[in-house]
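Right, one structure below, let's go through it.
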Amino acid sequence: MSWRGISIVYRKELVDSLRDWRTIVSMIVLPLLVLPLLWLGVGGATATTVIKAAQEVPQVMVIGGEDSPKLMAALQKSSALKTIPPRDDFANLITNKVIRAAARIPEDFDSALENGQTKTVAVYHLEGDMKSQMGAERLERFFRDLRETTVRDRLQALNLPANFTKPFDTRRENVAPQRKALGEFIGSVVPWFVMLLALTGAVYPAIDLTTGEKERGTMETLLCCPVPRSHLVLGKFLLTFTSAIVTAALSICSIGGMYFASQKFLISKGLPLTDQLSLGISAKSLLALFVMLLPIAMLLSAVQLSVSLFAKSVREAQSYFVPVMLMVIMPGIVAMMPGVELNTGLALVPLLNAILGMKEIFAGTFHWGYLCLIFLSSCLYAALALALAVAMFKRESVLFRS
């Protein structure tokens with residue numbers, strides 16, 4: 078194998094690609110802009126929405142209670158709730174988000190409390206709607222406080238201590254720092270997102286270097302050069318891999334820059350950096366993410382190059398991008414499912430193994446045996462995908478499909 082021939086093809090393709098503004102956008106501009114926009118835009122909008130919903134006094138409907146004036150008076154005095162007159166179509170009002178929640182008061186509620194009888198209050202809400210959930214929680218909190226007050230009054234009437242019905246307490250303590258739980262979540266999202274950006278960075282070069290040359294009619298001229306076909310495809314692969322890994326590296330730098338800048342901002346405002354704010358992100362974890370992504374970027378580049386070689390036109394190659402992206406999306410979804418943990422079997426599953434490995438690293442756990450197995454198996458899959466691309470490039474029936 079002549080590395081000189083491969084490097085000549087690589088340099089030639091690199092110069093041609095850098096002259097195309099679309100390559101610069103997909104490889105450099107996109108990773109540097111997408112993540113900050115998501116971090117500041119989506120994150121800021123989400124935080125604003127949650128804060129606004131928490132500050133809002135929810136509008137709720139109370140059904141029944143005409144025979145319970147004490148309860149109704151307490152509800153009217155509550156500053157955490159805004160009650161409206163009852164209507165029969167309360168379910169539709171909740172569904173259409175006119176009101177946030179509703180409570181059905183059983184008959185003779187006041188007298189039942191005085192006589193020691195048990196009644197059930199039904200709280201209606203819209204599952205999945207944040208504001209409706211908050212309204213239902215405030216209703217439940219009101220009745221929970223009323224229940225505790227009633228129990229305390231009954232105990233006082235019997236000259237019993239307030240803790241009479243609560244002989245002991247239980248306390249749940251987390252043996253791991255909060256950083257571990259947050260790190261597992263961040264560790265399953267960040268590598269997945271960087272993989273998607275790496276794939277995006279490899280798509281356009283792979284298509285342009287294969288089906289693009291077919292449509293431009295330069296593929297035949299290239300094949301007439303006194304260079305083995307394996308060297309040609311390896312040069313094209315190296316350019317595709319360069320685009321993918323540069324995109325991944327810039328994405329990681331963008332993530333680290335945004336995180337450390339936000340930390341400095343919090344410090345400048347006098348806020349302490351607790352475990353809740355660490356998120357498991359550190360220079361060590363970001364470096365480990367880059368190393369783990371090296372064989373993944375090779376695998377994605379080789380797969381995209383093979384797919385593009387097989388396509389008859391640029392439009393057909395672009396249509397194949399969707400199933401290739403699904404190949405990356407599905408492992409990310411599986412990694413975020415509860416109960417999915419790294420083991421020997423999953424350490425051999427392509428893409429999923431890298432996400433699970435990074436999930437452990439961001440949580441502060443380094444399983445070196447698993448990590449070595451993940452890295453080596455990913456290198457093997459990348460080599461097989463590259464061998465497939467080389468084999469396809471040597472076949473006339475693939476290069477000149479019609």
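One gets the numbering used here by counting positions in the sequence shown from 1 and adding 77 to each.
Heads up, the beta-carbon is just placed ideally off N, CA and C, and yes, glycines get one too.
Just reading off the alpha helix (DSSP H) that residue i is part of, what are its end residues?
{"i": "Lys-208", "result": "207-234"}
{"i": "Arg-293", "result": "288-293"}
{"i": "Ile-410", "result": "398-412"}
{"i": "Thr-247", "result": "Neither: Thr-247 is in no alpha helix (DSSP H) and is coded neither H nor E."}
{"i": "Thr-172", "result": "167-172"}
{"i": "Val-368", "result": "360-387"}
{"i": "Glu-297", "result": "296-300"}
Three-state secondary structure (DSSP) at residue i?
{"i": "Ile-140", "result": "strand"}
{"i": "Thr-319", "result": "helix"}
{"i": "Arg-306", "result": "helix"}
{"i": "Val-92", "result": "helix"}
{"i": "Thr-421", "result": "coil"}
{"i": "Lys-471", "result": "coil"}
{"i": "Ala-151", "result": "helix"}
{"i": "Ala-178", "result": "strand"}
{"i": "Val-134", "result": "coil"}
{"i": "Phe-477", "result": "coil"}
{"i": "Pro-108", "result": "helix"}
{"i": "Gln-395", "result": "helix"}
{"i": "Ala-464", "result": "helix"}
{"i": "Lys-196", "result": "coil"}
{"i": "Ala-239", "result": "coil"}
{"i": "Gly-416", "result": "coil"}
{"i": "Glu-204", "result": "coil"}
{"i": "Ser-390", "result": "coil"}
{"i": "Ser-145", "result": "coil"}
{"i": "Ser-156", "result": "coil"}
Who are the Cβ neighbours of residue i in its own chain at under 6 Å, not counting the five residues just before and after it?
{"i": "Met-149", "result": "Gly-142"}
{"i": "Asp-285", "result": "none"}
{"i": "Leu-476", "result": "none"}
{"i": "Ala-394", "result": "Ile-284, Thr-288, Ser-385 and Ala-388"}
{"i": "Phe-270", "result": "none"}
{"i": "Leu-315", "result": "Tyr-87"}
{"i": "Thr-317", "result": "Ala-279, Pro-282, Ala-283, Ser-378 and Leu-382"}
{"i": "Ile-438", "result": "Ser-362 and Ala-365"}
{"i": "Leu-170", "result": "Ile-176"}
Can you tell me where the beta strand (DSSP E) holding residue i begins and where it ends?
{"i": "Ile-182", "result": "Ile-182 -> no beta strand (DSSP E), and no H or E assigned at all."}
{"i": "Thr-160", "result": "159-161"}
{"i": "Ala-199", "result": "199-201"}
Would you say the beta carbon of residue i is closer than 6 Å to some non-hydrogen atom of the ligand SAH?
{"i": "Gly-294", "result": "As presented, the structure is devoid of all ligands, the ligand SAH included, so that no description of it is given."}
Assuming residue i contacts residue j under a Cβ cut-off of 8 Å, what Cβ separation, rounded to an integer in Å, is found between them?
{"i": "Ile-182", "j": "Val-198", "result": "6 Å"}
{"i": "Ile-332", "j": "Val-417", "result": "At roughly 23 Å, the Cβ-Cβ gap does not stay under 8 Å, so Ile-332 and Val-417 are not in contact."}
{"i": "Asp-144", "j": "Glu-184", "result": "6 Å"}
{"i": "Val-401", "j": "Leu-276", "result": "7 Å"}
{"i": "Arg-221", "j": "Leu-158", "result": "Not really, about 13 Å apart at Cβ, beyond 8 Å."}
{"i": "Glu-485", "j": "Val-228", "result": "Given that the chain is displayed from residue 78 to residue 479, the structure contains no residue 485 and the question cannot be resolved."}
{"i": "Tyr-336", "j": "Ile-358", "result": "5 Å"}
{"i": "Leu-429", "j": "Pro-408", "result": "4 Å"}
{"i": "Phe-470", "j": "Arg-306", "result": "5 Å"}
{"i": "Met-413", "j": "Ser-265", "result": "5 Å"}
{"i": "Ser-455", "j": "Pro-415", "result": "Contact flag wrong, Cβ pair sits at about 25 Å."}
{"i": "His-308", "j": "Ile-105", "result": "The Cβ separation is near 27 Å, so there is no contact."}
{"i": "Ser-209", "j": "Ala-178", "result": "6 Å"}
Near residue i, what residues of its chain come up, given a Cβ to Cβ distance below 7 Å and the 5 sequence neighbours on each side ignored?
{"i": "Ile-161", "result": "Gln-136, Met-138 and Ile-176"}
{"i": "Phe-241", "result": "Leu-232"}
{"i": "Ala-459", "result": "Pro-372, Met-375, Leu-376 and Ala-379"}
{"i": "Leu-461", "result": "none"}
{"i": "Leu-448", "result": "Gly-434"}
{"i": "Lys-147", "result": "Asp-187"}
{"i": "Ala-466", "result": "Val-310, Phe-314, Ala-379, Leu-382, Ser-383 and Leu-386"}
{"i": "Tyr-481", "result": "Absent from the model: residue 481. The displayed extent of the chain is 78 to 479, so no value can be given."}
{"i": "Ile-432", "result": "Ser-265, Pro-268, Trp-269, Pro-408, Gly-409 and Ala-412"}
{"i": "Ala-239", "result": "Arg-229 and Leu-232"}
Who are the Cβ neighbours of residue i in its own chain at under 8 Å, not counting the five residues just before and after it?
{"i": "Lys-89", "result": "Gly-312"}
{"i": "Val-368", "result": "Phe-452"}
Can you give, in chain order, each stretch of the alpha helix (DSSP H) that sits fully within the region 421-459 and has at least 4 residues? Correct list: 429-439.
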